[in-house]
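The structure appears right after this line, and notes come after that.
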Amino acid sequence: LFPKKLKWQKTLVTFRITNYTPDLKKEDVDQAIHDALKVWSVVTPLKFKKLHEGIADIMIGFGRREHGDHNPFDGPEGLLAHAYAPGEGLGGDTHFDEDETWTKDSHTYNLFLVAAHEFGHALGMGHSKDPGSLMYPVYSYAQGFPLSEDDIKGIQELYGPNPDHKKVKPKPEAPNKCDPELSIDAVTELRGEKLVFKDRFFWRLHPQFTEPELTLIQSTWPQLPKKVNAAYENLEKDIVIIFSGIRMWALNGYTLVPGYPKYIHRLGFPKSVRKIDAAVHIDDTGKTLFFTDEDYWSYNEQSGKMDPGYPKSIKDDFPGMQERDGDEVDEVDAASYKNGYLYLFHENLQYEYSYNKRKVARIMRTNDLLNC
Amino acid sequence: EPLPGNKTEKWLFAERYLRRYYGMQPGLLGTSKSSDVMTEKIRAMQSFYKLEVTGKLDHNTLQVMKKPRCGVPDVAEYN
């Protein structure tokens, strides 16, 4: 929240769109503004009334560089928009940088998402430190209802809940990389970097830097689904394959390869397989291992076929993976391979498996991967 | 006007960023004073973005500064 918890001392707040961007049809701008205000009205008693002339509480406009408030924009990229805290005159006003390209889809920058963020400020919200929150300062694209628990908690501290609106389902908050119970969905190398997927996010680890960078999956690859099940890099082909449900996508660097998604059954899985839990390419053998429920498969990248005799049981072929309560591990969340060792992730533990000696060499916490 | 000292483009970019979003006072301070203020503001920004708090203008910090964002300050009082 802003200092002194600035807020509107009324629940009916007026707004007026004073000009339009040429990037979108007028009705698309009207719709984006309407939907962005609705994000806040569904979780508070606030109501918004549109004015077509005169002075409204929230005056909305598009401008470039110096646009009348001595707070100039900076040309394309960088600063996208700003808004003023509730109050007289400039208070509540919201300005968008006309040097940006405004869109109504995943291409940058989605007007609805930026407007919803800015109206948060116009109602009294400050910035959030949670990368999964709408009020996080850095732009990121995501579909669905944009408010996180943190956003809702903040706005309801100012205005209270919406008495007659059913509870909305907030976006989950960003995962905490050093949570000792952390489990992950997938892990892969990508041209020397390591990507670790968890819920709607992924951490990007660069070998020279200790600090993993947390980003929303859809902010980097809007075409990918919100959740990734498995991923692996085939260095020879310089591609990374990402799996979600029965579909798979290919990345060349950070660019999606055209012609995807494809169905996983093209790799030779029976139709009964509906999801891949983990995937890892073994550079030394040219084989890729896929883990599905209690089984695993070996895929020959050269021939593009599954090796005969598979699937096999994980428990039988990877002995020694024990949970804390002594049960044998028979499912894998994620897998990676480095210097003759296979790293199999299960819940909050990772098992360093010696590929040659065929036995578990070490057991570590999953979040060791994130330099915790 | 020649750049004061050996300020690089990156340093000036970061100065602008910290002035706009972290309330760093504009104007020239004595060189030692200005670098102390800059270090303290960089630490504040690194802490906000859960980066490693080094006070140095490292790669990760610059990467975050370059991301498209909202124009409202992250910590300073906004008026």
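Protein chains in written order, with our numbering: chain A, 339 to 710; chain B, 4 to 82.
Beta carbons: idealized from backbone N, C-alpha and C, even for Gly.
In this text, all values refer to a predicted model and were calculated from it rather than measured experimentally.
Neighbouring residues, chain B, relative to residue i (Cβ below 7 Å)
| i | result |
| --- | --- |
| V475 (chain A) | Before going further, note that residue 475 (chain A) is Pro rather than Val in the sequence given. Near P475 (chain A) (Cβ distances below 7 Å), the residues of chain B are R72, C73 and D77. |
| G416 (chain A) | P71 |
| H459 (chain A) | V75 |
Neighbour flag for residue i against chain B, beta carbons, 9 Å
| i | result |
| --- | --- |
| Y592 (chain A) | no |
| A480 (chain A) | no |
| F353 (chain A) | no |
| G464 (chain A) | yes |
| V452 (chain A) | yes |
| F400 (chain A) | no |
| F411 (chain A) | yes |
| Q546 (chain A) | yes |
| H455 (chain A) | yes |
Helix, strand or coil at residue i [DSSP, three-state]
| i | result |
| --- | --- |
| A448 (chain A) | The sequence shown places Asn at residue 448 (chain A), rather than the Ala named in the question. Strand, per DSSP. |
| H420 (chain A) | strand |
| K676 (chain A) | strand |
| K376 (chain A) | helix |
| I522 (chain A) | coil |
| E574 (chain A) | coil |
| P5 (chain B) | Low confidence applies here, because P5 (chain B) scores a pLDDT of 49, under 50, leaving its location unreliable; read the following figure in that light. Residue state, collapsed to three classes: coil. |
| E527 (chain A) | strand |
| R354 (chain A) | strand |
| R22 (chain B) | helix |
| N638 (chain A) | strand |
| H725 (chain A) | For residue 725 (chain A) there is no data in the structure shown, the boundaries of chain A being 339 and 710. |
| G492 (chain A) | helix |
| I614 (chain A) | coil |
| K345 (chain A) | coil |
| Q28 (chain B) | coil |
| M41 (chain B) | helix |
| D595 (chain A) | This sequence places Val at residue 595 (chain A); Asp is not what is there. In the structure shown, V595 (chain A) sits in coil (DSSP, three-state: anything other than H, G, I, E or B). |
| E365 (chain A) | helix |
Residues sharing a beta bridge with residue i, DSSP
| i | result |
| --- | --- |
| F601 (chain A) | According to the sequence shown, residue 601 (chain A) is Tyr rather than Phe. Its beta-bridge partners are A:R585. |
| E690 (chain A) | A:Y681 and A:R700 |
| I580 (chain A) | A:A569 and A:W587 |
| A370 (chain A) | In the DSSP output, where bridge partners are listed per residue, A370 (chain A) has none listed. |
| D437 (chain A) | Beta-bridge pairing links D437 (chain A) to no other residue. |
| E551 (chain A) | A:R542 |
| I396 (chain A) | A:F353 |
| S557 (chain A) | Answer by DSSP bridge pairing: none, since S557 (chain A) is not bridged. |
| F535 (chain A) | A:A524 and A:F540 |
| C516 (chain A) | DSSP lists no partner for C516 (chain A). |
Test: residue i CB closer than 9 Å to a CB of chain A
| i | result |
| --- | --- |
| E4 (chain B) | Confidence at E4 (chain B) is low in this model, with a pLDDT of 44, below 50, so its placement is unreliable and the value that follows should be read with caution. No, E4 (chain B) does not count as interfacial toward chain A. |
| N82 (chain B) | Only weak support is given to the placement of N82 (chain B): the predicted model assigns it a pLDDT of 49, under 50, and the value that follows is read from those uncertain coordinates. Chain A contact via Cβ: present. |
| D39 (chain B) | no |
| Y2 (chain B) | The first residue shown for chain B is 4 and the last is 82, placing residue 2 (chain B) beyond what the model contains. |
| Q66 (chain B) | yes |
| T11 (chain B) | no |
Chain-ordered chain A contacts of residue i [CB-CB under 9 Å]
| i | result |
| --- | --- |
| L54 (chain B) | E549 and E551 |
Interface residues of chain B facing residue i [CB-CB closer than 9 Å]
| i | result |
| --- | --- |
| T446 (chain A) | P71 |
| A617 (chain A) | Within chain B, no residue comes near A617 (chain A); the closest Cβ sits about 28 Å away, beyond 9 Å. |
| A421 (chain A) | C73, G74 and V75 |
heavy atom of the ligand SAM below 8 Å from residue i C-beta
| i | result |
| --- | --- |
| K343 (chain A) | This structure does not include the ligand SAM; it has no bound ligands of any sort. |
Interface partners of residue i on chain B, CB under 8 Å
| i | result |
| --- | --- |
| K467 (chain A) | F51, Y52 and K53 |
| A394 (chain A) | Result: empty, since nearest Cβ-Cβ is about 20 Å, beyond 8 Å. |
Below 8 Å, can you find three or more Cβ-Cβ pairs linking the segment 421-439 of chain A to the segment 393-404 of chain A? yes
Assess contact between the segment 401-420 of chain A and the segment 369-389 of chain A, defined as three or more Cβ pairs (one per stretch) separated by less than 8 Å. Is contact present? no
Check whether the segment 648-667 of chain A and the segment 688-702 of chain A are in contact - that is, three or more C-beta pairs closer than 8 Å. They touch, by the three-pair rule.
Would you say the segment 532-549 of chain A touches the segment 11-23 of chain B, given that touching needs at least three Cβ pairs under 8 Å? no
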